[in-house]
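Encoded as structure tokens, the structure appears first; notes follow it.
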Amino acid sequence: MALKVAVLGATGLVGREILSILAERGFPASETIALVSRKMLGAEVSFGDAVLKAKDVDEFDFKTVQLCIMATGDPAARKYGNSISAAGCIVIDTSRAFRMDPQVPLVVPEVNAAAIDGYTKRNIISVPDGQTAQLVRTLKPLHDAAGVSRVVVATYQSVASEGQRAVDELWIQTKGIYVNQSPEPKEFPRQIAFNVIPQVDDVMDDGFTEEEWRIAAETRKIVDNDIQVVATCVRVPTFVSVGEAVHVELAQPLSASEARAVLRESPGIVLIDRREEEDGYETPVGVVGEWATYVCRVRDDPTVENGLAMWIVADDIRNGAAMLAVQCAELLLNKGAFSEALKV
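Position one of the sequence shown corresponds to residue -10 (the working numbering), numbered consecutively onward.
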């Protein structure tokens, strides 16, 4: 036996990025298999210098691989996740399907790496979306330094997290407007081109959207269950990356200067510590393809005791689910989860 990895949903935006990162970082698999649903059978995807021909997930024997990274939507993750894990294959899932399951660890390696040990309960590991990942990467060092008690976050989310059809809709609407074509919303509740939509996912009975609920719940599960979090999620007409305006209340005093010093030494974070008007922050366009979470404009919030305000931005595909999945695979590797396979 040798270490073999399957990527389910390999032709999607996240799946392709996972394959790219696995190749770039030299993950030591003897074979990497691209899996898709039957309707995508035969599609080809890049894997480093190689090209993989996608195989049918329904015909695949998961007893032949040690790791499956699922880059699918929630229904497919629920359909396949349990049976894959029952076959003895460790599952890393990028969807929402298992995130709040108390028996499934929700992991951001720079924040709660030790939690990954809980995968043995169900043989499944879950990772959050990019908007939660970049938030908790920033909150964790501040929480360790002074105790985060409350967070108010407004997210400005690109269309990429909704998949290729959402990206295509933004592109088609943008072109159409220039030739006087009326936009026809399909993937979003309103026109997305040249617009801002204050709704990401379905609206619940209390007025919050499911996305806003998830960010709060996932942040508590990853960092600390006692943190109060309120989110407003906004869809913006950018193709990739998520920006977040974040206000943090701390239990103990921590000045903006001290917070910058803490963040500067934190893993996965690039702190932009300049106040010049033209060069003191990063934007969604500027971080496309980057690995890090960029934290900018850290300042004292004078309206609350022990308050900070800041701007956070990251590529939500590369720095979000795709990178998190590969980081978790590397963490499992370092913990010896694949030691038997690697002996051969």
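For glycine and all other residues, C-beta sits at the position ideal for the given N, C-alpha and C.
For residue i, the residue or residues it bridges with in DSSP
i, result
"residue 349", "Not covered by the structure: residue 349. The range shown for the chain is -10 to 333."
"residue 233", "144 and 301"
"residue 289", "297"
"residue 36", "39"
"residue 283", "259 and 302"
"residue 82", "59 and 115"
"residue 222", "144"
"residue 186", "224"
"residue 238", "139 and 296"
"residue 44", "24"
"residue 124", "Paired residues: none, contrary to the question."
"residue 95", "115"
"residue 217", "139"
Option nearest residue i by Cα separation, candidates the options
i, options, result
"residue 119", "134, 94, 147 and 61", "147"
"residue 235", "275, 290 and 243", "290"
"residue 122", "307, 33 and 330", "307"
"residue 21", "29, 33, 8 and 14", "8"
"residue 111", "77, 1 and 103", "77"
"residue 310", "237, 152 and 141", "152"
"residue 325", "13, 17 and 10", "17"
"residue 261", "186, 245 and 286", "286"
"residue 84", "172, 173, 245 and 4", "4"
"residue 246", "207, 296 and 150", "296"
"residue 312", "188, 96 and 198", "96"
"residue -5", "259, 73 and 39", "73"
"residue 69", "91, 28, 24 and 243", "24"
"residue 89", "207, 332, 226 and 263", "207"
"residue 71", "108, 39, 38 and 225", "108"
"residue 52", "75, 168 and 131", "75"
"residue 338", "6, 233, 263 and 292", "Nothing can be reported for residue 338, as the shown portion of the chain is limited to -10 through 333."
"residue 137", "316, 204, 168 and 215", "215"
Contact under 7 Å by Cβ, residue i with residue j
i, j, result
"residue 327", "residue -3", "no"
"residue 211", "residue 323", "no"
"residue 94", "residue 105", "yes"
"residue 283", "residue 223", "no"
"residue 87", "residue 113", "yes"
"residue 304", "residue 255", "no"
"residue 288", "residue 281", "no"
"residue 82", "residue 66", "yes"
"residue 314", "residue 116", "yes"
"residue 139", "residue 201", "no"
"residue 274", "residue 302", "no"
"residue 166", "residue 177", "no"
"residue 98", "residue 321", "no"
"residue 162", "residue 172", "yes"
"residue -1", "residue 43", "yes"
Rounded straight-line distance, which links the Cα of residue j to that of residue i
i, j, result
"residue 217", "residue 41", "45 Å"
"residue 31", "residue 220", "41 Å"
"residue 180", "residue 154", "14 Å"
"residue 15", "residue 318", "12 Å"
"residue 351", "residue 272", "Outside the displayed range of the chain (-10 to 333) lies residue 351, so it cannot be described from this structure."
"residue 182", "residue 159", "6 Å"
"residue 397", "residue 134", "This structure leaves residue 397 out entirely; the chain is present only between -10 and 333."
"residue 46", "residue 124", "34 Å"
"residue 251", "residue 228", "31 Å"
"residue 278", "residue 269", "20 Å"
"residue 300", "residue 142", "10 Å"
"residue 360", "residue 241", "Residue coverage of the chain in this structure runs from -10 to 333, which leaves residue 360 outside it and unanswerable."
"residue 350", "residue 294", "Here the chain comprises residues numbered -10 to 333, so residue 350 is not present and cannot be evaluated."
"residue 164", "residue 156", "13 Å"
"residue 10", "residue 54", "19 Å"
"residue 26", "residue 253", "43 Å"
"residue 213", "residue 244", "22 Å"
"residue 149", "residue 1", "11 Å"
"residue 92", "residue 63", "18 Å"
"residue 29", "residue 193", "34 Å"
"residue 259", "residue 48", "44 Å"
"residue 330", "residue 209", "35 Å"
"residue 191", "residue 332", "48 Å"
"residue 174", "residue 225", "14 Å"
"residue 132", "residue 199", "25 Å"
"residue 103", "residue 170", "53 Å"
Alpha helix (DSSP H) segment containing residue i, residue limits
i, result
"residue 161", "153 to 167"
"residue 249", "245 to 253"
"residue 98", "98 to 101"
"residue 316", "312 to 323"
"residue 5", "2 to 13"
"residue 199", "199 to 211"
"residue 330", "328 to 331"
beta-carbon residue i near the ligand FMN non-hydrogen atom, thresh 6 Å
i, result
"residue 41", "Looking at this structure, you won't find the ligand FMN or any other ligand, since it has none at all."
Range of the contiguous beta strand (DSSP E) that encloses residue i
i, result
"residue -6", "-7 to -3"
"residue 23", "20 to 25"
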